[in-house]
Each structure stands twice: as C-alpha cells, then as structure tokens.
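One structure is given here, and the rest of the page talks about it.
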DNA sequence: GGCACCTGCTAACTTTTCTTTGCATGTGCA
DNA sequence: TGCACATGCAAAGAAAAGTTAGCAGGTGCC
C-alpha cells in the first residue's frame, strides 16, 4: 500500500471518479455481486467499450478490483468487484485533506500502474 | 429546501464540485473563517475571475453561501462562508443514491437558480 | 468454416470543464 | 481627476473527459 491515510490527491481522484453517473451505477451494480465486463455492459445497457473505460478509472482510483478468470468452458472473463471503502466529507475533513494536496501546477503522481514499489530512499 | 435527503443527482453534483483542487482549497480556507472574494483570491493566489467561477459552482452545489455586505467605508463586499455538510461514501450509500439518479440521456434538473419554490402539485 | 461468446486496444470525434483576458460597474480618498 | 479597492460578466482559447466505431486476439460448438 502506498499510504494508509488517503492524501488530498487521492481524495480528488476518488471524488472525480465517483462524480459520474455511469460509474456510480457500476459501483452500485457491483456492490450486489461481482460481474464480468460483457454481462455488466448488457445489464447497464451501455457499450462494452464505454464500460471498459469507466471500469479502468474505477480501478485506478482503487474502488474496484479486477480478476481475469477462465470459465468452465475455457473462456477468459474479467470479473470485477467493489473494494470496501468509506469516505467522509465534511468541511473539517477537507481542511485536513488539503494539507496533503500537491501544489498547483505540479503533476499529482500517477497511480495508474502501481503494483507495489518499495523504494529504499 | 428541496429534499432533506440528497438525491443521486445531488450527490453527483457535490462530488463533481469537490473533485477539484482549487475548490477543495476554497472550502478549506472558508472553513477557518468567512472571507470576501478579492481577499480570498489573494490568499489562495489565484485570479479573482477564476475564484469567482469556482465559488459559483460551490454555491450552486449548496456547499457555501454568499452574502453581500457593505463595509464601514461603504464598499460592497461579497462574503462567503461554508455550509455545514457531511457526505458519506460507501458502496452501500452509492447503491442507495443510484436509485434516485436521473436516467441517462435526460437533463438532471437545473438547481442553479432555485430560491425556494413551493409547488402545489 | 461460420457463429456466438469473451477480452483488449486506439484513433477520432464530441462535449464539458477550466482558465485567461478584458471591460463594465461602484465606493472612498488625496 | 486619478488611484486603489470592491464586484460582475462574457467571449475565447486550452485542456480534460466522455463516447463511438472499428479493429485485433482468443475459446467452444454445430
């Protein structure tokens, strides 16, 4: 894990991710039961391509997790499930979060491909 | 008030509003003490025009309130203060919120100019 | 082989959001 | 009058996000 306590940048990322109706619906759908991409797309009635993009964002924000599995008949299926999370948003929480916000103008670190680096700095 | 319980659309609006570093900083700054536009702009070191746009969004989302006041020396100053709010975000909360989401493709009602309509429907 | 499933990618387009620039108004004061 | 400080707004450009369309690959089965 990166940091046990979410930084301001993390918060921004999570909020940005959840501020989209499609993604909200995806999370809600997965909260019931895990599902694989094609089926979820049919159930939500959106294109698979579109769903894939949203799922990637959700995963990048750490809100869902994917797992590639092989069904009995040998087909590759990517299952997604929601991670447990709980964000509280009050003015005071924001005061705290802002303290760990990357200063304007700088890139807030890319959490896209981060398995688990352990730097010895 | 419109509805005591925030609808899914409200949630999306709030999250979209708070998913911006500038606006997060504004909320944090106002959480300490209320302030007027020009001064706040100087303190946050952003242009007044930019701040104004962000403040409008925050107000539209119901997160801050503005009040035009006249200083002792007669100058008009617009003070902003944060409203108390508390949003909880868990998968389960999202399941609930999604139930009151405007179906895709439709306009989610414009809360921009809403003083306090009381419809007799 | 042809069809029905599954995944993954990207180029291109549309839409939304963000930000700057510039000008308008008003006050008080030297 | 000219300067400092306050507000407000809109046009226009730049950047980011959302969406579609089309292609690739793979498996199993009739």
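Protein chains in written order, with the numbering used here: chain A, 810 to 930; chain B, 810 to 930.
We put the beta carbon where it would ideally sit given N, CA and C, even for glycine.
query = Does DSSP put residue 890/A in a helix, in a strand, or in coil?
reply = strand
Residue 880/A - partner residues in DSSP beta bridges = According to DSSP, residue 880/A bridges with nothing at all.
CA-to-CA distance, residue 836/B to residue 864/A, given in whole angstroms = 30 angstroms
key: C-beta neighbour in chain B for residue 899/A, strict 8 angstroms   = yes
query = If you run the structure through DSSP and keep just helix, strand and coil, what is residue 847/A?
reply = helix
request  = Could you work out which residues of chain B lie near residue 817/A, taking near to mean beta carbons separated by less than 8 angstroms?
outcome  = 830, 833
message = Counting only beta-carbon separations shorter than 8 angstroms, does residue 894/B have a partner in chain A?
response = yes
task = Taking a Cβ distance cut-off of 7 angstroms, strictly less, list which residues of the segment 843-877 of chain A are near chain B, in chain order.
result = none
key: Length of the line joining the Cα atoms of residue 839/B and residue 819/A   = 22 angstroms
query = Roughly how many angstroms separate the alpha carbons of residue 885/A and residue 879/A, rounded to a whole number?
reply = 5 angstroms
task = Consult DSSP for residue 910/A and reduce its assignment to one of helix, strand or coil.
result = coil
ask   = Looking at C-alpha atoms only, which residue of 854/A, 822/A, 842/A is the closest neighbour of residue 888/A?
value = 842/A
ask   = In chain order, what residues of the same chain lie with their CB nearer than 7 angstroms to the CB of residue 866/A, ignoring the 5 residues before and after it?
value = 826, 832
query = What residue from 823/A, 906/A, 853/A has the CA that sits closest to residue 868/A's CA?
reply = 823/A
task = Return the residue from the list 821/B, 828/B, 817/B, 816/B that minimises the CA-CA distance to residue 903/A.
result = 828/B
task = Tell me, please, whether the CB atom of residue 879/A is closer than 8 angstroms to any CB atom in chain B?
result = no
inquiry  = Using DSSP's beta-bridge definition, name the partner residues of residue 874/B.
reply    = 890/B
message = Assuming residue 822/B is part of the alpha helix (DSSP H), what are its boundary residues?
response = 817-827
ask   = Can you tell which of 850/A, 896/A, 910/A has the C-alpha that lies nearest to the C-alpha of residue 901/B?
value = 896/A
query = With C-beta atoms as the reference, is residue 862/B less than 8 angstroms away from residue 892/B?
reply = no
ask   = Beta carbon of residue 830/B, beta carbon of residue 910/A: below 8 angstroms?
value = yes
Member of 912/B, 854/B, 882/B, 844/B whose CA lies at the smallest distance from the CA of residue 913/A = 854/B
ask   = residue 885/A by DSSP, collapsed to three states: which one?
value = strand
inquiry  = Strictly below 7 angstroms CB to CB, what residues from chain B border residue 913/A?
reply    = 830
query = Is the shortest distance between the beta-carbon of residue 885/B and the beta-carbons of chain A less than 8 angstroms?
reply = no
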